[in-house]
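**Q** In order, the protein sequence lines correspond to chains E and P. Read in order, the letters of the first sequence correspond to residues 20 to 386 in our numbering. Read in order, the letters of the second sequence correspond to residues 69 to 522 in our numbering. I have a structure here, written as structure tokens, and I will follow up with some questions on it.
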Amino acid sequence: MIHRKPQPRAPRNHTALVSLPNINDVVTPAPASGSPSLPAISKRKFLDLYSSSVKRNRVLIKRSREDENSVGGSGQISGEENDVADVKPSEESRRRIGNELGEHERAESTDVVERNGDEVAEGNLEQGLEEWTMPCDTKIALELMRSQFPKVEKSSVPPFVLRSQLYSSVNDRTLVDRELERMKLDRLIRVFKLSTGQDEHAIMLMADYVAQINASKARLAKGKHSPADMAVFDWFVRHVLPVHFDAGITHSKLVDLLSEGGEVRDSHITLLMNAGLLTRQLGDGTEYWLAIPNVGFLLKSLTGGRKEIISFMSRRKYKEMLQVPLERRRLQYSVLGMRFHIRDLLGLGHIHTVNSPSGPIIRLSRD
Amino acid sequence: MWRGLRGREVGATRPRSLATHVRADRVRQINLSGHKEIVSAHNSGINSLQIDCTEARYLLAGAADGSVGVYDTQQPTFMDSAIKVAKHEALFTVDKSVPQGHIYSVTCVQWYPVDTGLFVTGSFDKKINLWDTNTHQVELQFEMPEKVHAIAMSSIAATHMLVAAGTEDVRIRLCDLASGACTHTLSGHRDGVWALQWSATSEWVLYSGGCDGAIRFWDIRRAGCFQVLDQNRSQIERRSNVTSSTQRQELASAPVGSSSTSEMQRPVAKRTKPSTVSKPSKIAKIKDPGVRRSHPGMTLANDRSTAHHGSVTALQTSDDGLNLFSAGTDSRVRLWDIESGRNTLVNYEATKIRTHQGTQLAVSMDSSLLFVPSAHSLQTYDVWSGRMHSKLVGHYGNVNCCAFLAEDQELYTGSSDRQILVWSPPKSVTVEDQEEVPKAGVAAVCEDEDAWSD
Chain E
20 MIHRKPQPRA PRNHTALVSL PNINDVVTPA PASGSPSLPA ISKRKFLDLY SSSVKRNRVL
80 IKRSREDENS VGGSGQISGE ENDVADVKPS EESRRRIGNE LGEHERAEST DVVERNGDEV
140 AEGNLEQGLE EWTMPCDTKI ALELMRSQFP KVEKSSVPPF VLRSQLYSSV NDRTLVDREL
200 ERMKLDRLIR VFKLSTGQDE HAIMLMADYV AQINASKARL AKGKHSPADM AVFDWFVRHV
260 LPVHFDAGIT HSKLVDLLSE GGEVRDSHIT LLMNAGLLTR QLGDGTEYWL AIPNVGFLLK
320 SLTGGRKEII SFMSRRKYKE MLQVPLERRR LQYSVLGMRF HIRDLLGLGH IHTVNSPSGP
380 IIRLSRD
Chain P
69 MWRGLRGREV GATRPRSLAT HVRADRVRQI NLSGHKEIVS AHNSGINSLQ IDCTEARYLL
129 AGAADGSVGV YDTQQPTFMD SAIKVAKHEA LFTVDKSVPQ GHIYSVTCVQ WYPVDTGLFV
189 TGSFDKKINL WDTNTHQVEL QFEMPEKVHA IAMSSIAATH MLVAAGTEDV RIRLCDLASG
249 ACTHTLSGHR DGVWALQWSA TSEWVLYSGG CDGAIRFWDI RRAGCFQVLD QNRSQIERRS
309 NVTSSTQRQE LASAPVGSSS TSEMQRPVAK RTKPSTVSKP SKIAKIKDPG VRRSHPGMTL
369 ANDRSTAHHG SVTALQTSDD GLNLFSAGTD SRVRLWDIES GRNTLVNYEA TKIRTHQGTQ
429 LAVSMDSSLL FVPSAHSLQT YDVWSGRMHS KLVGHYGNVN CCAFLAEDQE LYTGSSDRQI
489 LVWSPPKSVT VEDQEEVPKA GVAAVCEDED AWSD
């Protein structure tokens with residue numbers, strides 16, 4: 020886990036806006052074939068050079084193994100713009116999710132973006148055996164915040180990250196939105212609409228969500244529900260989650276997808292709602308939001324903590340405070356911890372940071 | 069500047085590129101004007117502004133006290149010599165004292181697109197008035213069932229004179245100025261309609277945004293809407309903007325809505341790069357069973373997808389007519405690709421849209437900057453990255469509307485504080501100043517040399 024704040028980068032997929040230099044130009048400007056005078060270049064050096072030159076655009080670099088020990092010749096290294104990421108999930112990943120949803124590592128490995136073979140310039144690259152990717156900012160930020168999610172004793176909710184929190188650490192909001200969309204379509208994450216605001220979303224790793232579903236299933240299994248009814252949870256995981264990416268779902272579509280598992284009755288839907296997986300959309304009886312089970316307590320904390328911080332800041336003389344002492348304060352109405360809230364409020368734009376000689380100052384934004 | 073002119077003279081640069089460059093530069097420097105002021109003749113907040121499409125000279129303003137004023141943006145009424153500010157007073161105002169004038173707040177104003185002899189206003193008194201600019205009298209009045217929130221006329225229409233009217237009623241009405249009657253009602257929204265915009269490429273296509281958060285596309289020649297924008301359907305890539313001229317003509321001439329939705333999407337799928345995200349789902353769309361083909365309007369009427377959480381307050385097409393901006397009370401501004409109907413996921417950070425009626429957005433002429441009224445300020449954004457470029461602060465009340473004058477790169481904003489403010493690039497060098505400039509430059513250099521020599 021990388022414990023540093025990710026630096027803002029140019030968007031990864033802006034082919035229309037940013038033209039990436041050719042990797043050959045970066046490493047060796049004049050690719051004269053077989054010129055022995057070219058200095059050998061290490062992988063690390065190459066990465067440094069490349070990443071600095073393309074302003075850290077995410078690239079996917081491939082090399083062929085036979086060239087590995089004598090790197091340095093021209094044309095042996097090539098990267099390509101990663102604009103060809105086919106986000107439509109492959110058949111393979113669908114199967115994988117269906118079978119082994121519980122395994123986090125497996126899910127992660129789907130992040131390796133498959134290349135489009137057409138765009139490979141040189142033949143020897145096609146046999147590239149080693150490949151690695153630079154992880155995208157959003158993913159790093161997501162993982163970082165997930166790992167720093169406060170441990171709450173009372174509730175059993177797996178870590179989730181608010182979209183606004185991602186905005187606070189990744190500079191380019193458009194990039195965040197687009198990368199989240201990609202990850203959503205890759206079935207790495209799920210995005211949930213929160214009831215705390217009109218445009219607020221929580222992001223949870225797919226594996227965490229499935230674990231949470233299983234946990235609530237186990238909790239309900241102790242009750243008087245028949246095993247036949249409990250099968251609806253498996254149907255939900257197997258047939259709804261891999262196909263449906265949106266935060267909301269209509270009743271007809273839900274029944275449609277669930278019925279791939281078996282005959283769906285109203286009691287099944289009721290069971291899902293009782294488990295907290297679905298909530299009704301306000302003002303519309305036929306639509307549901309997908310929801311995180313048992314999250315209500317944390318959402319109450321979220322709104323309470325936000326209010327508390329804002330009212331505390333607005334009562335201060337200059338409506339500002341050094342970040343370090345502020346982070347040390349304890350919150351009365353929230354169990355989520357100060358850091359969680361500060362990130363959230365920064366992303367929402369209610370507060371902003373100002374640098375000062377004695378450390379960053381948090382200041383309340385006007386109006 | 070001089071190098072650019074020289075380049076144009078010898079043919080090193082393209083003839084238009086210099087002008088485009090200078091304009092873009094000026095738009096980016098836009099700020100509160102120090103040499104031009106509009107003296108507001110209204111006693112309450114300004115709700116709507118528009119600059120006429122023919123001469124790009126006369127500014128029409130509708131206010132919450134029911135008055136409508138016309139201002140000349142070129143010819144100042146008098147010059148305040150002490151502070152060297154040109155004051156522009158209203159050429160005339162019409163209010164409730166005029167027979168049949170609006171008695172409640174005027175929410176929307178619109179010049180007749182063909183000339184400045186007529187203008188249309190809509191108001192909370194459930195009336196739409198057609199005014200004669202020269203006699204200042206009401207020529208025609210349309211009765212609406214509910215408060216009028218938005219009106220729109222197509223600036224490219226050659227065969228119809230329809231005013232689209234969005235009210236608190238769920239139906240959009242099209243009023244014909246030629247016959248003085250209401251010709252169409254378009255139903256599909258589930259709540260009032262606050263934003264209307266005609267297509268910039270086809271005279272038959274109308275975009276509407278409602279309080280139910282939906283944005284619907286209508287072809288007025290057929291029943292029902294032909295597209296509903298869904299915020300969850302997105303495309304990550306910007307669709308290549310470089311359509312060849314033939315394609316563009318096709319776009320302009322082709323009856324966009326006449327073909328069924330699935331047919332429409334086929335050329336889009338072809339044009340997008342084969343690797344873009346949206347393609348697979350598009351293919352799936354085409355393979356949809358032909359329910360939609362049988363009666364596209366009725367099936368889409370039941371489509372409840374939303375473009376915003378909360379209501380849509382403003383719609384604005386980009387200059388080339390390929391993209392649509394929408395603002396909503398969820399404080400988000402979204403950028404849509406009109407052809408594919410997809411959300412481009414550009415995130416315009418930190419807007420605050422708190423309003424109870426429709427607002428206006430404005431786009432600079434080359435569609436590079438977007439102006440969004442946001443609480444007491446006006447924010448300018450880079451269109452394609454969504455980054456805030458500047459924040460124009462000057463009003464004491466909520467900014468309700470804005471109008472961009474492309475010729476002079478000036479921006480006019482109206483606010484609840486009853487003011488109309490002019491935002492312009494820093495004033496260029498006047499004729500008598502021009503001779504002094506080189507001297508001043510030389511002097512400055514000399515001073516510098518002196519300062520550094522010892």
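Glycine included, C-beta positions come from ideal geometry on N, C-alpha and C.
1) Using a C-beta to C-beta distance shorter than 7 Å, which residues of chain E count as neighbours of residue 414(P)?
2) Using the Cα positions of residue 166(E) and residue 217(E), report the straight-line distance between them to the nearest angstrom.
3) Are the C-beta of residue 368(E) and some C-beta of chain C separated by less than 8 Å?
4) Listed from N- to C-terminal order along the chain, which residues in the segment 245 to 267 of chain E have their beta-carbon within a distance smaller than 7 Å of any beta-carbon of chain P?
5) Spatial neighbours of residue 371(E) within its chain, please: CB distance less than 8 Å, with the 5 preceding and 5 following residues excluded, ordered by chain position.
6) I'd like the ranges of any alpha helix (DSSP H) spanning at least 4 consecutive residues and lying wholly in the segment 222 to 254 of chain E.
7) Name the residues in the segment 209 to 241 of chain E whose C-beta lies less than 9 Å from a C-beta of chain P; which are they?
8) Locate the alpha helix (DSSP H) running through residue 87(P), then write down its first and last residues.
9) For chain E, check one thing: does any of its Cβ atoms lie closer than 8 Å to the Cβ of residue 88(P)?
10) Let me confirm a value: residue 379(E) is counted as buried when at least 16 other C-beta atoms fall within 10 Å, else exposed. Which label applies?
11) Alpha carbon to alpha carbon, how far is residue 303(P) from residue 209(E)?
12) Decide if the segment 425 to 437 of chain P is in contact with the segment 468 to 477 of chain P; the criterion is three or more beta carbon pairs, one per stretch, under 8 Å apart.
13) Take residue 92(P) and list the residues in its own chain whose beta-carbon comes closer than 7 Å to its own, dropping the five residues that flank it on each side.
14) What in chain P is Cβ-close to residue 279(E), meaning under 7 Å?
15) Would you say residue 363(E) reaches chain P, if we count a Cβ-Cβ gap shorter than 8 Å as a contact?
16) Give every residue of the same chain whose Cβ lies closer than 7 Å to the Cβ of residue 262(P), excluding the five residues on either side of it in the sequence, and list them in chain order.
17) By the 10 Å Cβ neighbour count, where 16 or more other Cβ atoms means buried, how is residue 150(P) classified, buried or exposed?
18) Tell me which residues share the same chain as residue 375(E) and place their Cβ nearer than 7 Å to its Cβ, disregarding the 5 neighbours each side in the sequence.
19) Find the residues of chain E that neighbour residue 418(P), judging by a C-beta separation of less than 7 Å, and give them in chain order.
20) What residues of chain P sit near residue 196(E), judged by a beta carbon separation below 7 Å?
21) I need the DSSP call for residue 361(E), collapsed to helix, strand or coil.
22) Using DSSP with H/G/I as helix, E/B as strand and the rest coil, what is residue 295(P)?
23) Starting from residue 264(E) and walking both ways along the alpha helix (DSSP H), at which residues does that stretch end?
24) Beta-carbon of residue 327(E) versus every beta-carbon of chain P: anything under 8 Å?
25) Give the straight-line distance between the Cα atoms of residue 326(P) and residue 229(E), rounded to the nearest whole angstrom.
26) What would DSSP say about residue 224(P), mapped onto helix, strand or coil?
27) Would you kindly work out how many angstroms separate the C-alpha atoms of residue 353(E) and residue 290(E), rounded to a whole number?
28) Please name the residue or residues paired with residue 211(P) in a DSSP beta bridge.
29) Can you round the beta-carbon distance between residue 129(P) and residue 156(P) to whole angstroms, since I take them to be within the 8 Å contact cut?
30) Hey, does residue 454(P) have any beta-carbon neighbour from chain E nearer than 8 Å?
31) At what residues does the alpha helix (DSSP H) containing residue 196(E) begin and finish?
32) Take residue 558(P) as the anchor and find which of 474(P), 137(P), 410(P) has the nearest alpha-carbon.
33) With DSSP as the reference, please indicate the residues paired to residue 277(P) in a beta bridge.
34) Classify residue 301(E) as buried or exposed, calling it buried when 16 or more other Cβ atoms lie within 10 Å of its own Cβ.
35) May I ask you to report which of helix, strand or coil DSSP gives residue 167(P)?
36) What's the gap between the Cα of residue 69(P) and the Cα of residue 75(P)?
**A** According to the structure shown:
1) 193
2) 27 Å
3) Among the protein chains in the structure shown, which are E and P, there is no chain C.
4) 265
5) 365, 381, 382, 384
6) 225 to 240, 246 to 254
7) 212, 216, 217, 218
8) 83 to 96
9) no
10) exposed
11) 18 Å
12) yes
13) 434, 436
14) Result: empty, since nearest Cβ-Cβ is about 17 Å, beyond 7 Å.
15) no
16) 217, 218, 234, 277, 278, 279, 379, 380, 381, 425, 426
17) exposed
18) none
19) 368
20) 413, 415
21) helix
22) strand
23) Neither: residue 264(E) is in no alpha helix (DSSP H) and is coded neither H nor E.
24) no
25) Low confidence applies to residue 326(P): its pLDDT is 36, below 50, so where it sits in the model is not reliable enough to give any reading.
26) coil
27) 30 Å
28) 195(P)
29) Contact flag wrong, Cβ pair sits at about 11 Å.
30) yes
31) 192 to 204
32) There is no way to answer for residue 558(P), as the model of chain P reaches only from 69 to 522.
33) 263(P), 283(P)
34) exposed
35) coil
36) 10 Å
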